[in-house]
Ligand SMILES: *Cc1c(COP(=O)(O)O)cnc(C)c1O
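Numbering (the UniProt record's numbering), first residue to last: 1 to 232.
Structure below.
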């Protein structure tokens, strides 16, 4: 199999998993967006995924994503592509990140929100990253800080609050994490009705996430294969 055949086969499998999970949750698959996490893979793979119909890609490191997004723009100038930042953002990289990211899915502090707002040249969509277990290592604001951070983002003219993202903690049942997030988002929507995005679920747990209301799954390994380089 050449690379495009391999990616096509992987994509078909991932779509089938999403469809099945939606069927068991009695949800419309159109309500679950597929975000391809292309970190550590070359722009040539992103170009092939474009040819296969994907248009939303995610990266977790500014240094890698900036050049990759420019390479893709050269390789597929007509593709209508959107890039998402899903990794932690150092505040001094805010300007660089808004140069390539259409949405920053990993906002977890007021200081980062302010840095992004200062760097933004047009309204910037963001998600708030929530830490379900409060462990700061993976990034994310704990549940008890969510309402305050959401209010801060909503007050910031340059930012548009679109929803939340989480990474399920290792060693617990992901379904529990996603259920807790779903509850928190239900409360959040009382004050922020437009915060409709729940970005939850990766290669290993997308079914659990879809069962608990995820509207956006972030899939790397199941689409592109295993990453040779450890990605911090
Ligand atoms: C790498 C990454 C993913 C994709 O993980 P896979 O298990 O390879 O599907 C999703 N979300 C974030 C934040 C990531 O860093």
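Cβ atoms here follow ideal geometry from the backbone N, Cα and C, with glycine treated the same way.
Residues bridged to residue i [DSSP beta-bridge criterion]
i: residue 163; result: 127, 197
i: residue 111; result: For residue 111, which the question treats as bridged, DSSP gives no partner whatsoever.
i: residue 216; result: 33, 199
i: residue 141; result: 130
Three-state secondary structure assigned by DSSP to residue i
i: residue 232; result: Confidence is the limiting factor: at residue 232 the pLDDT is only 48, short of 50, which leaves the residue's position unreliable, though a coordinate-based value still follows. Correct three-state label for residue 232: coil.
i: residue 181; result: helix
i: residue 55; result: coil
i: residue 150; result: helix
i: residue 169; result: coil
i: residue 95; result: helix
i: residue 70; result: helix
i: residue 27; result: coil
i: residue 175; result: helix
i: residue 17; result: helix
i: residue 63; result: helix
i: residue 122; result: coil
i: residue 227; result: coil
i: residue 45; result: helix
i: residue 4; result: helix
i: residue 208; result: helix
i: residue 186; result: helix
i: residue 221; result: helix
Limits of the beta strand (DSSP E) - the one that residue i falls within
i: residue 104; result: 103-107
i: residue 33; result: 33-37
i: residue 82; result: 82-85
Alpha helix (DSSP H) segment containing residue i, residue limits
i: residue 79; result: Premise fails: residue 79 is in no alpha helix (DSSP H) and is neither H nor E.
i: residue 158; result: From DSSP, residue 158 is part of no alpha helix (DSSP H); its letter is neither H nor E.
Original post:
On the three-pair Cβ rule with 8 Å, is the segment 102-110 touching the segment 81-89?
Top reply: yes
Subject >> Touching by the beta-carbon criterion (3+ pairs, under 8 Å), the segment 204-217 and the segment 27-43 >> reply: yes
Subject >> contact_flag[the segment 65-73, the segment 43-57] where n(CB pairs < 8 Å) is 3 or more >> reply: yes
Original post:
Near ligand 1, which residues have their beta-carbon closer than 5 Å to a heavy atom?
Top reply: Qualifying residues, in the order they occur: 37, 60, 86, 202, 203, 218, 219, 220, 221.
Original post:
Does the segment 137-146 come within contact of the segment 115-127, defined as at least 3 CB pairs closer than 8 Å?
Top reply: no
Original post:
If we count Cβ pairs, one from each stretch, closer than 8 Å, do we get three or more for the segment 156-168 versus the segment 118-127?
Top reply: yes
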